[in-house]
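When you line the sequence shown up against my numbering, it's residues 957 to 1098, in that order.
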Amino acid sequence: MSLMEWSDIYALGVPEMDTTHREFMDGVNAADSAADADFLPCFDALIAHTVAHFERERAWMERLGFARDHCHLGEHERVLTLLNAVRDKMAEDGDLALGRRVLSEMPPWFDQHASLMDAPLAHYLKEQAGKDSRPAVKSAVP
């Protein structure tokens, strides 16, 4: 069984966001199921994906003027700081248990983040697309 499973409850109606969220889940699952010898490269791939994922959301927020002081970006920073610190610790001492523990916390974190932070952003993106003559969301992706 996968650690994270896509469900329609995660569908926010912004195709690029929904695809990225599916890819995030796939990355968590790949790292979770990786053998010890493959764990660190899978964890690195998850971090790289997460950096791009969060950067895309930041670019949307900036482009559309979405709540510049919203805690969404701070949440992204905290998650990336944690993932990078855990990655460095695993590389330093070879103990993968901390990384596996962090992965086990991703499902409840993602549930909260998607519903409380990404859902309002998705709503705003869709609302702005309806007001704008540009093909908004697609062109908002850098």
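The beta-carbon is built from N, C-alpha and C at its ideal position, and this holds for glycine as well.
Assuming A1085 and M973 form a contact by the criterion Cβ under 8 Å, report the distance between their Cβ atoms to the nearest whole angstrom. Contact between A1085 and M973 fails: their C-beta atoms lie close to 12 Å from each other, not under 8 Å.
Roughly how many angstroms separate the alpha carbons of S1071 and Y966, rounded to a whole number? If I take the Cα positions, the gap works out to 8 Å.
Specify whether the stretch 1035-1046 and the stretch 1003-1015 touch according to this definition: at least 3 beta carbon pairs, one from each stretch, less than 8 Å apart. When Cβ pairs closer than 8 Å are counted between the two stretches, the stretch 1035-1046 is seen to touch the stretch 1003-1015, the count reaching three or more.
Please state if the CB of F999 and the CB of A987 are separated by a distance shorter than 8 Å. Between A987 and F999, the C-beta gap is smaller than 8 Å, which places the two residues in contact.
The alpha helix (DSSP H) spanning W962 covers which residue range? Element bounds for W962: n/a, residue is neither H nor E.
Starting from the Cα of P1063, find the closest Cα among A993, P971, A1015, F980 and give me that residue. Selected option, being the one with the closest Cα: F980.
Tell me the DSSP secondary structure of H996 in three-state form. According to the sequence provided, residue 996 is Leu. The question's His does not apply to it. In this structure, L996 counts as helix in the three-state DSSP scheme.
Bounding residues of the alpha helix (DSSP H) (the contiguous stretch that carries F1022): Run containing F1022: none; DSSP gives neither H nor E here.
With distances taken between CB atoms, is the gap from N985 to S963 smaller than 8 Å? No, Cβ-Cβ distance for N985 and S963 is not below 8 Å.
Could you please give the first and the last residue of the uninterrupted alpha helix (DSSP H) stretch that includes V970? Where V970 is concerned, there is no enclosing alpha helix (DSSP H), given that its DSSP letter is neither H nor E.
Where does the unbroken alpha helix (DSSP H) through L1052 begin, and where does it stop? For L1052, no alpha helix (DSSP H) encloses it, and the DSSP letter there is neither H nor E.
Local Cβ density within 10 Å of D1074, reported as buried at 16 or more and exposed below that: Around the beta carbon of D1074, a 10 Å sphere encloses 16 or more other beta carbons of the protein chains shown; the residue is thus reported as buried.
Indicate whether E1031 and H977 have their beta-carbon atoms separated by less than 8 Å. In this structure, H977 does not lie closer than 8 Å to E1031 by Cβ.
Indicate the three-state DSSP secondary structure (helix, strand or coil) for A991 in the structure shown. A991: coil per DSSP, three-state reduction.
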